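In the working numbering, the protein residues as written are 13 to 100.
Using N, Cα and C, we set each Cβ at its ideal position, and we do this for glycine too.
Please read these numbers as outputs of a predicted model, since none were measured by experiment.
A short worksheet on the structure shown next.
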Amino acid sequence: MTALKKYARLETTGLWRDTPEGQRREVVVRMGDATLILSDPRSDAILSHWSLPAIRRMNPGKRPALFAPGEAAEEELELVDDTMIAAL
């Protein structure tokens with residue numbers, strides 16, 4: 013049920029941390045029909061899997077854009093790609 017019917021595949025890179033104290037690491041961010049998949053760019057191992065309806069922007073109107081997989085989530089994703097930011 014994504015509103016991105018015009019895209020065959022939406023993918024970018026971002027910086028992700030699994031906890032507020034964790035170190036940021038580069039990830040590949042892929043948008044599916046109902047989920048956002050974060051994976052390691054070297055091994056392609058999936059690091060996290062977020063439900064699209066649960067994703068929240070933590071700093072509206074500011075750059076880089078910060079997202080979390082829910083209101084009380086510890087994970088954080090930093091994006092600069094305009095297309096992905098608009099899609100989320």
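Checklist line | Where the alpha helix (DSSP H) containing I97 begins and where it ends | finding: Against the sequence shown, residue 97 aligns to sequence position 85. Looking at the DSSP string, the run of the alpha helix (DSSP H) that includes I97 is D94 to A99.
Notebook entry, point to check: What are the complete beta strand (DSSP E) segments, minimum 3 residues, inside the stretch 18-63?
Noted result: 22-29, 37-43, 47-51 and 58-63
Check: So what's A77 in DSSP terms, helix, strand or just coil?
Finding: As a first step, residue 77 must be located in the sequence shown, where it is residue number 65. Residue state, collapsed to three classes: strand.
Margin query: I'd like to confirm the pairing. Which residues does DSSP put opposite E90 in its beta bridges?
Written below: Residue 90 sits at position 78 when you count from the first residue of the sequence shown. Its beta-bridge partners are L27 and L78.
Check: With 16 as the cutoff for other CB atoms within 10 Å, does E88 come out buried or exposed?
Finding: Indexing the sequence shown from 1 puts residue 88 at position 76. E88 is buried by the Cβ-count criterion.
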